[in-house]
Amino acid sequence: MKNSDLSKHVLVSLGDRSYQVLIQPQILPQIGRVLQDVGLSGRVAIVTNPVVNELYGRVVVRALKRCGFSPFLVVIPDGEKAKSMYWLSKILDELVTQRLERQEVVLALGGGVVGDVAGFAASVYLRGVSFVQVPTTLVAQVDSSVGGKTGVNHPIGKNLIGAFYQPRVVVVDPQTLQSLPKREWVAGLAEVIKYGMIADSKFFEYLEQHVDDLREQAEDVIPTVIRRCCEIKAEVVGGDERESGRRRILNYGHTVGHALETWGRYKTWIHGEAVGIGMVQEAGIARFLGMCTKELVERQRDLIQDVGLPIAMPSMSFAELWGAMQHDKKVVKGQINCVVPTAIGKVQVVPLFQQRIRQWFIANQAFRVKRLDPVRQGVGRPRLSKKK
Ligand SMILES: NC(=O)c1ccc[n+]([C@@H]2O[C@H](COP(=O)([O-])OP(=O)(O)OC[C@H]3O[C@@H](n4cnc5c(N)ncnc54)[C@H](O)[C@@H]3O)[C@@H](O)[C@H]2O)c1
Ligand SMILES: [Zn+2]
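Whatever position you read off the sequence shown (first residue = 1), add 1 for our numbering.
Below, the structure written as structure tokens:
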């Protein structure tokens with residue numbers, strides 16, 4: 002790879018497990034070269050789903066063959082249900098049948114679901130084979146493919162079984178986002194806004210100034226946005242790979258967000274939509290605790306709403322919200338470690354008892370009744386305000 006190319010990429014610095022996130026439109030046809038450059042060879046198990054296989058399977062297979070690799074496909078179903086012990090086991094069956102060897106490769110081609118389950122398979126098969134991430138959704142390109150969290154769901158809760166296992170390289174082709182359903186694109190923008198909120202006020206301002214570009218998926222801003230998100234994630238993960246400290250800031254919006262996903266049985270909102278609502282609510286908690294200004298709450302809410310995300314809480318009781326929060330890994334001894342913003346670009350982790358959250362919820366509910374917000378807004382909704 003040329004040095005000029007490297008400047009566009011992001012290094013995840015983890016000692017001898019460091020790796021590059023390569024972000025480049027039209028990089029898919031060059032993926033064989035990329036794998037050669039990081040020292041890989043032999044067979045490549047491409048784990049994907051039927052949707053992504055149809056769109057990008059052929060180009061990846063061809064590019065790998067051209068560089069002397071022997072790829073084969075392992076196709077799992079579309080959707081969150083594929084992130085299960087059953088499908089993990091199916092992938093492993095295929096790797097065993099094909100006798101994939103230690104120095105060979107598992108490559109995840111798809112969104113976060115494919116990346117999480119394929120990464121976990123790579124981590125346990127022969128106690129670990131080389132793993133390559135080729136994310137094709139916005140969520141996967143800015144979040145799940147970087148940082149090494151892999152795993153599957155348990156019927157009782159999400160992501161309860163897994164491992165930290167870093168890829169050898171992450172190959173991001175922003176061009177693949179052009180085929181993404183609008184709803185998936187917009188949902189990914191919640192995670193993008195999250196990075197501005199937790200770590201970079203200038204980036205947040207950039208997003209405010211490019212709302213129309215974001216809504217319209219403008220090709221010239223997408224690589225810049227992905228790169229900044231990956232830089233922030235790489236910096237956070239590089240300092241705290243196993244989430245014992247700073248990495249927890251990445252959970253901003255996810256305490257309420259995960260609870261809403263659980264409460265809605267993963268049908269009402271997709272992940273990013275729930276995170277968008279979660280960020281609005283968690284900024285509300287910060288305001289309630291006197292930790293941030295009203296202006297922060299409003300600026301963040303406006304941006305989330307303007308990109309087309311829902312912002313309103315559904316009509317639910319406190320018992321339902323609290324109950325849904327209990328499955329969260331962030332709950333320790335009845336306290337919830339909630340990430341709250343103190344300024345744009347700055348967050349803090351605060352342990353909150355049930356009583357405190359109840360007080361916020363009651364105050365917040367009174368506000369909601371007054372405003373008569375609809376349960377769902379957002380996707381496809383005309384813009385209400387325009388920031389310059
Ligand atoms: N490991 C982590 O750090 C981490 C971080 C965030 C999220 N996640 C996990 O990621 C998962 C969500 O990921 P997701 O939002 O990418 O969902 P997903 O993988 O289900 O993909 C969303 C949909 O888009 C389709 N798709 C993928 N790429 C496409 C393309 N280029 N064109 C058209 N359609 C395409 C998929 O087939 C699917 O239907 C969740 O399971 C979540 O827990 C993990
Ligand atoms: Zn998330």
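Just so you know, even glycine gets a beta-carbon here, dropped at the ideal spot from N, CA and C.
Alpha-carbon spacing of residue i relative to residue j, whole angstroms
i	j	result
Arg243	Asp144	15 Å
Arg302	Ala284	9 Å
Thr137	Pro78	16 Å
Ser42	Thr177	25 Å
Ile162	Leu304	34 Å
Ile227	Glu95	33 Å
Gly148	Val130	17 Å
Ile358	Leu215	33 Å
Arg34	Val61	11 Å
Phe205	Leu310	16 Å
Leu251	Tyr87	29 Å
Val13	Gly240	10 Å
Ala122	Val171	17 Å
Gly254	Met314	13 Å
Val237	Tyr196	11 Å
Ile223	Ile47	26 Å
Gly246	Gly69	43 Å
Arg18	Val114	23 Å
Gln356	Phe362	10 Å
Gly80	Lys268	12 Å
His10	Ser316	44 Å
Val281	Ile312	7 Å
Ile92	Leu29	23 Å
Leu208	Ile194	7 Å
Val75	Arg44	13 Å
Selection from the options that minimises the alpha carbon distance to residue i
i	options	result
Gln134	Asp79, Gly148, Ile28, Leu110	Leu110
Pro168	Leu23, Ala364, Ala200	Leu23
Thr49	Gly33, Val107, Leu36, Cys68	Val107
Phe319	Lys91, Tyr267, Asn365, Gln176	Asn365
Val39	Ser124, Tyr196, Glu105, Arg128	Glu105
Thr294	Cys339, Gly279, Glu321, Ile345	Ile345
Gln25	Gly239, Thr225, Val212	Thr225
Glu262	Ser19, Glu321, Val115	Glu321
Leu139	Lys203, Cys230, Arg63, Pro156	Cys230
Ser146	Ile28, Ala275, Asp117	Asp117
Gln142	Asp174, Leu93, Lys66	Asp174
Ile32	Leu56, Lys66, Glu55	Lys66
Val212	Lys159, Asp221, Asp307, Leu36	Asp307
Trp186	Met198, Gly112, Ser202	Gly112
Tyr166	Ala200, Gln21, Gly120	Gly120
Pro352	Pro156, Thr98, Val341	Val341
Gln99	Phe73, Lys84, Ser90	Phe73
His155	Asp329, Leu208, Glu217, Val350	Asp329
DSSP-derived helix/strand/coil call for residue i
i	result
Lys347	strand
Pro342	strand
Gln336	strand
Val106	strand
Ser124	helix
Arg100	coil
Ser386	Any reading at Ser386 needs caution, since the residue's pLDDT is 43, under 50, leaving its predicted position unreliable; the model's value is listed next. Three-state DSSP puts Ser386 in coil, outside helix and strand.
Pro311	coil
Pro30	helix
Leu15	coil
Asn4	Its pLDDT being 42, under 50, Asn4 is placed unreliably in this model, and the value from its coordinates should be taken loosely. Reduced to three states, the DSSP call for Asn4 is helix.
Ile363	helix
Gln21	strand
Pro78	coil
Leu41	coil
Leu190	helix
Thr177	helix
Residue i, buried or exposed, once every other Cβ within 10 Å from all chains shown has been counted against 16
i	result
Gly152	buried
Gly16	exposed
Gly381	Legend: pLDDT at Gly381 = 40, less than 50; position of this residue unreliable, no value from coordinates given.
Arg288	buried
Arg384	Residue placement at Arg384 cannot be trusted, given a pLDDT of 45 that sits under 50; what the coordinates show is reported in the next sentence. So Arg384 ends up on the exposed side.
Val370	No answer about Val370 holds up, because its pLDDT of 49 lies below 50 and its placement is not dependable.
Leu127	exposed
Ser124	buried
Glu102	exposed
Lys3	Because the pLDDT at Lys3 is just 45, under 50, the model does not fix this residue reliably, and the value given afterwards should be weighed accordingly. Exposed: under 16 other Cβ atoms inside 10 Å.
Lys203	exposed
Glu232	buried
Lys84	buried
Pro375	Its pLDDT being 43, under 50, Pro375 is placed unreliably by the model, and the measurement read from it follows with that caveat. Answer is exposed; the Cβ neighbour count stays below 16.
Asp221	exposed
Ile271	buried
Residue i: CB within 6 Å of a non-hydrogen atom of ligand 3
i	result
Asn50	Among the ligands modelled here, namely ligand 1 and ligand 2, ligand 3 does not occur.
I'd like the ranges of any beta strand (DSSP E) spanning at least 3 consecutive residues and lying wholly in the stretch 130-171.
You should have 131-136, 150-155, 158-165.
Complete alpha helix (DSSP H) runs within the stretch 206-292 (minimum length 4 residues, chain order):
212-216, 223-240, 255-264, 272-289
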